[in-house]
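S.K.:
Numbering (this note's numbering), first residue to last: 182 to 511.
(1) By the three-class DSSP mapping on this structure, what secondary structure does residue 419 have?
(2) Give the range of the alpha helix (DSSP H) segment to which residue 400 is assigned.
(3) How is residue 207 classed by DSSP in three states: helix, strand or coil?
(4) My guess is that residue 286 and residue 349 are in contact by the Cβ rule of under 8 Å, so how many angstroms apart are they, rounded?
(5) Whole-angstrom Cβ separation of residue 283 and residue 360, contact assumed at under 8 Å?
(6) Is residue 478 helix, strand or coil when you go by DSSP?
(7) Measuring only the C-alpha atoms, how far is residue 308 from residue 229?
(8) Tell me which residue opens and which closes the alpha helix (DSSP H) that residue 309 is part of.
(9) Whose CA, out of 453, 494 and 463, lies closest to the CA of residue 473?
(10) If you reduce the DSSP assignment to three classes, tell me which class residue 215 lands in.
(11) Anyone know if the C-beta pair for residue 422 and residue 242 falls short of 8 Å?
(12) Inspect the CB distances between the stretch 453 to 461 and the stretch 413 to 422 and report whether three or more fall short of 8 Å.
(13) If you count every other CB in all the chains shown that lies within 10 Å of the CB of residue 262, and 16 or more means buried, which is it?
(14) On a CA-only basis, which of 424, 483 and 235 is nearest residue 278? Give me that one, please.
(15) Would you mind stating whether residue 464 and residue 245 have Cβ atoms separated by less than 8 Å?
(16) Given residue 446, which residues of its chain have a CB within under 7 Å of its CB, disregarding the five upstream and five downstream residues?
(17) Let me know the secondary structure DSSP gives residue 351 once reduced to three states.
(18) Rounding to the nearest angstrom, what Cα-Cα distance links residue 419 and residue 303 in this structure?
(19) Pull up the distance between the alpha-carbon of residue 461 and that of residue 353, whole angstroms please.
(20) In this structure, how does DSSP classify residue 485 when only helix, strand and coil are distinguished?
(21) Buried or exposed for residue 433, please, with buried defined as at least 16 other CB atoms from any protein chain shown within 10 angstroms of its CB.
(22) Tell me which residues share the same chain as residue 215 and place their Cβ nearer than 8 Å to its Cβ, disregarding the 5 neighbours each side in the sequence.
(23) Is residue 451 helix, strand or coil when you go by DSSP?
(24) Under the three-state reduction of DSSP, which class applies to residue 283: helix, strand or coil?
(25) Determine the direct distance from the alpha carbon of residue 233 to that of residue 223, and round the result to whole angstroms.
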């Protein structure tokens, strides 16, 4: 007979298999759904040139971008929550996303170019600086209620966003700022989606440092006693989060709630083991974003709603559930 440990392993494998099946089904659906009615699997099998052109130029890059973006942002949220020991911290609630937008706007003002490489450098630098400042601030706060800290983060992000708006209005860049703050996969094509591959190196780093991130979550004193360089791991975590936030923001804009709710959902099902949860984190994140993206594509006939709107609604509902659940079990 199977012991309790074996049963847990079996259940975990079964859940992951189910996630993989749902993930594959959504990938197929994502490749199929779109404004063009030409892209059908029958037309693709027949070798229809127009269908293949749209499929290669738009559908495949979009789906790959969704998978990489959602996986990376989910892992970034997990890193933020782990190193800060707070379940309600994410790049969105720590000012990281707002700082990336400010960095891109400053890049446009100083360099007067829309080159993605330059924008990425500025977005990364600002994300790293402002996120580091936020973590420094919360470490100085003695009262660290689990909900109190992210509220500070939201106020902090609002200050950055307000300053960004003032800069945009002062230099007549409101239209650019409006475009930056609209999360959407509509503009992702074969020519520009390659930028999203910038998230792969930080994802690899997060896997390599998974165990150390978990040890850092135990606290500075215990981490140092276990031979982990606490400050170094914290800095690496910040760099990884900033790289992911900057690269995803440049390609698709802000995607609300994903870095906040996905780590919490995975934690409910699988516990808090960072290393074991990375694959499930990527699957859950991809499923969540693909579902919202598909909804965005079918809501309006021959049109599309920005995914930031649909994710804002579904994410808010899930986030409220997580808060009430936390309060209930506190």
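Ideal Cβ positions, reconstructed from N, Cα and C, are used throughout, including at glycine.
M.R.: Taking the coordinates as given:
(1) On the chain shown, position 238 is the one that residue 419 refers to. Annotated three-state conformation of residue 419 is helix, per DSSP.
(2) In the chain shown, counting from the first residue as 1, residue 400 sits at position 219. Residue 400 -> no alpha helix (DSSP H), and no H or E assigned at all.
(3) As a first step, residue 207 is located in the chain shown; it is residue number 26 there, counting from the start. Residue 207: helix per DSSP, three-state reduction.
(4) Taking the chain shown and counting its residues from 1, one reaches residue 286 at position 105. Taking the chain shown and counting its residues from 1, one reaches residue 349 at position 168. With a Cβ gap of about 6 Å, residue 286 and residue 349 count as contacting.
(5) Start at 1 with the first residue of the chain shown, and residue 283 comes out as number 102. Start at 1 with the first residue of the chain shown, and residue 360 comes out as number 179. Incorrect: roughly 15 Å between the Cβ atoms, too far for contact.
(6) Translated into positions along the chain shown, residue 478 becomes position 297. In the structure shown, residue 478 sits in a helix (DSSP, three-state: H, G or I).
(7) Position 127 of the chain shown, counted from the start, is the residue given in the question as residue 308. Position 48 of the chain shown, counted from the start, is the residue given in the question as residue 229. Looking at the two C-alpha atoms, the distance is approximately 45 Å.
(8) As a first step, residue 309 must be located in the chain shown, where it is residue number 128. Note, residue 309: alpha helix (DSSP H), 297 to 321.
(9) Counting from one through the chain shown, the residue named residue 473 turns up at place 292. The shortest Cα separation from residue 473 among 453, 494 and 463 belongs to 494.
(10) Position 34 of the chain shown, counted from the first residue, corresponds to residue 215. In this structure, residue 215 counts as coil in the three-state DSSP scheme.
(11) Along the chain shown, read from residue 1 onward, the residue named residue 422 stands at position 241. Along the chain shown, read from residue 1 onward, the residue named residue 242 stands at position 61. No, Cβ-Cβ distance for residue 422 and residue 242 is not below 8 Å.
(12) Counting C-beta pairs closer than 8 Å gives fewer than three between the stretch 453 to 461 and the stretch 413 to 422, which falls short of the contact rule.
(13) Here residue 262 refers to the residue found at position 81 of the chain shown. The residue in question, residue 262, is buried, as its Cβ has 16 or more Cβ neighbours within 10 Å.
(14) To locate residue 278, count along the chain shown from 1; it is residue 97. The option with the nearest alpha carbon to residue 278 is 424.
(15) By one-based count along the chain shown, residue 464 stands at place 283. By one-based count along the chain shown, residue 245 stands at place 64. For residue 464 and residue 245, no; Cβs fall outside 8 Å.
(16) For the purposes of this step, residue 446 is taken as residue 265 along the chain shown, with counting starting at 1. Listed in chain order, the non-local C-beta contacts of residue 446 below 7 Å within the same chain comprise 465, local neighbours out to five positions each way being set aside.
(17) As a position in the chain shown, residue 351 is number 170, starting the count at 1. Residue state, collapsed to three classes: helix.
(18) In the chain shown, residue 419 corresponds to position 238, counting from 1. In the chain shown, residue 303 corresponds to position 122, counting from 1. One Cα belongs to residue 419, the other to residue 303, and the distance between them is close to 16 Å.
(19) Numbered from its first residue, the chain shown carries residue 461 at position 280. Numbered from its first residue, the chain shown carries residue 353 at position 172. Between residue 461 and residue 353, the C-alpha separation is close to 44 Å.
(20) Taking the first residue of the chain shown as 1, we reach residue 485 at position 304. Coil at residue 485, not helix or strand.
(21) As a working note, residue 433 is residue 252 in the chain shown. When all chains shown are included, residue 433 counts as buried.
(22) As a first step, residue 215 must be located in the chain shown, where it is residue number 34. Counting only Cβ-Cβ distances below 8 Å, and skipping sequence neighbours, we find 235, 239, 240 and 478.
(23) Numbered from its first residue, the chain shown carries residue 451 at position 270. Note: residue 451 maps to helix in three-state DSSP.
(24) Against the chain shown, residue 283 aligns to sequence position 102. In this structure, residue 283 counts as helix in the three-state DSSP scheme.
(25) In the chain shown, counting from the first residue as 1, residue 223 sits at position 42. In the chain shown, counting from the first residue as 1, residue 233 sits at position 52. It is roughly 11 Å from the alpha-carbon of residue 223 to the alpha-carbon of residue 233.
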